[in-house]
Amino acid sequence: MPVAARKTTTPTRDPGALLVSVPTETSPDLWQTSLDLFEALNALIADAFALYLKTKNFQWHVSGPHFRDYYLLFEEQATQILPMTNAIAERVRKNGARTLRSIGHIARMQRLRDNDHELVAPPQMLGELTVDNAALARSLEEAHELCEQQRDVATASLIEGWIDEAQNRVWFLREANGASGEL
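Its first residue numbered 254, the sequence shown is counted upward by one per residue in the numbering used here.
Following this line, the structure appears as structure tokens:
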């Protein structure tokens, strides 16, 4: 089963491009934490879009004896993933920063691998989505830590729900894949 790989390239930090405004009373350490949080949230948006599209891709192309079950599972999961993107982007903007602007920007920021293969067996689909959702849950946990450092309770609260949702998706995918769904 392929492992979700994080891109090794990191976007160059251009605080002027990310931050809309920084309160004058903000200390440099807190400002750096803010920048780290905004970058983490933008990467989450990119990963959520990538995972949404991969989940839809697999839904559109799944076949076999469990077609209906997998089709409905992928639809349910994709429907759960997409709203995260807007909520995260709103949190970024409410905190005075900029967010993603294009599909190209998403592609540069995403850490989850796309799957462009024409034919993917259902067990591989389930396995990839299991790994990707687990990676998203870990990234959400990391962003949650940054929220705590920043004392951004509202974003942290939203992230807690998304962590639970990602862990539930991992559980359902792993169970649907049987023993081959192990991480």
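Think of the CB as a built atom: it goes at the ideal place given N, C-alpha and C, for glycine as much as any other residue. This one's a predicted model, so the numbers in the text were calculated from it and none came from an experiment.
Check	Outcome
Stretch-stretch touch, CB-based, cutoff 8 Å, three pairs: the segment 378-389 with the segment 297-311	yes
Residue range of the unbroken alpha helix (DSSP H) whose run includes A390	375-403
Opening and closing residue of the alpha helix (DSSP H) in which S410 lies	406-430
Exposure of H370, with buried meaning 16 or more beta-carbon neighbours within 10 Å	exposed
Residue span of the alpha helix (DSSP H) that contains H358, given as start and end	356-362
Beta-carbon proximity list for I334, same chain, < 7 Å, skipping 5 on both sides	A301, L304, Y305, T308
Where E278 falls, given that 16 or more other Cβ within 10 Å makes a residue buried	With a pLDDT of only 49 at E278, under 50, the local geometry of the prediction cannot be trusted, and the value read off the model is given with reservation. It counts as exposed.
Proximity below 9 Å, CB of N310 to CB of M362	no
Proximity test, Cβ basis, 9 Å: I416 and chain D	Checking the listed chains, one finds no chain D in this structure; it contains a single protein chain.
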